[in-house]
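Counting from 1 along the sequence shown, just add 8 to a position and that's the residue number in this note's numbering. Accompanying notes for the structure given below.
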Amino acid sequence: MRITPLRGIGVTWLQCPVCRLKCRPAAVGPDGASPRCGTARPLTLSLGGRPDMPTPGTDRR
């Protein structure tokens with residue numbers, strides 16, 4: 009059994025724009041519809057993956 013991470017870099021979550029359901033890509037139907045309301049094309053979410061090193065040229069004070 010594979011355990012998938014819930015957050016971090018490289019983790020994908022989808023959110024339906026109509027019913028606001030957040031789910032993993034495995035829960036989406038074969039046609040790409042939301043499992044709750046059936047709306048096509050859920051939005052891809054980014055949940056806080058932070059880079060390890062700051063980008064060059066940024067000055068933090």
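The C-beta atom is built at its ideal place from N, Cα and C for all residues, glycine as well.
For residue i and residue j, I'd like the C-alpha separation in whole angstroms.
i, j, result
"residue 51", "residue 44", "14 Å"
"residue 25", "residue 40", "13 Å"
Per DSSP, which one or two residues make a beta bridge with residue i?
i, result
"residue 52", "22"
"residue 41", "48"
From the options, pick the residue whose C-alpha is nearest to that of residue i; which is it?
i, options, result
"residue 34", "21, 48, 28 and 46", "21"
"residue 18", "32, 47 and 24", "32"
"residue 53", "30, 11 and 13", "30"
"residue 28", "38, 36 and 42", "42"
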